[in-house]
Structures are given as structure tokens and as C-alpha cells.
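Colleague: Starting off with a structure, shown below.
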Amino acid sequence: NNTIKRTEYNNKDEMQKGLIEFLMYYILYRRHGGLRKELNVKTPFQAIEKWFEIKPEIFLQEPDEFKNKVLSLKYINQTSCHKQSCET
């Protein structure tokens, strides 16, 4: 999913939507070969969950809270203020 290299966007809103979808995919679902093999994880989010099990004190929030924030980006973008008309 190389959204930046292969996709032309018609406007800023389309681009922002595409980038958010890519970010969600990259963090939550994309398999990464460079992750530490001893953790036995495939995605960055799985690494977050594993590290939370090992050393929870280094985290400011639980992995599910982080995942929900990442997933909510999709909905925040749909209602963002740059879509509203502004007068100066």
C-alpha cells in the first residue's frame, strides 16, 4: 500500500483521507520485517501490545486506548474544520 507513490489526489481532503488510511494500515495491520524477532510480532501495534505486557510502566496509556485514537483519526478527518467556510 504505497499511497504516496502511486496515488494522485484531486484535492487536499482526498490526500488527507488517503494519508490517514495509510497511517492506520501501517500501524495496525502492515507486517514489518524489521521488528525484533524475539518479540514474535508482525505489526507495530503487536509490538506495542507485547512491550506493554513486558514493561507497562513506560507507557502513558494502554494499547487499546492508542488503537482507538488511531482508528478515530478516520472520523475526525471527516468532520475537520478546514471543510467549513471561513471569513477573515
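In full-length UniProt numbering, the protein residues as written are 1 to 88. Glycine is no exception: its CB is placed at the ideal position from the N, C-alpha and C atoms.
Spatial neighbours of Phe-45 within its chain, please: C-beta separation below 6 Å, excluding the five flanking residues on both sides.
Modeller: What you label residue 45 is simply residue 45 of the sequence shown in a count that begins at 1. Excluding positions up to five away in sequence, the list reads Ile-27 and Leu-28.
Colleague: Leaving out five residues on either side along the sequence, give the residues of the same chain with a beta carbon under 7 Å from the beta carbon of Gly-66.
Modeller: On the sequence shown, position 66 is the one that residue 66 refers to. Position check: residue 66 holds Phe in this sequence, whereas Gly was assumed. Once the five neighbours on either side are set aside, the close Cβ partners of Phe-66 are Ile-48.
Colleague: Using DSSP with H/G/I as helix, E/B as strand and the rest coil, what is Gly-34?
Modeller: As a working mapping, residue 34 is identified with position 34 in the sequence shown. Here Gly-34 sits in coil by DSSP.
Colleague: For Lys-74 and Ile-20, which I take to be in contact (beta-carbon distance under 8 Å), what is that distance rounded to the nearest angstrom?
Modeller: Counting from 1 along the sequence shown, the entry for residue 74 is found at position 74. Counting from 1 along the sequence shown, the entry for residue 20 is found at position 20. Between Ile-20 and Lys-74 the Cβ distance is about 6 Å, and since that is below 8 Å, they are a contact.
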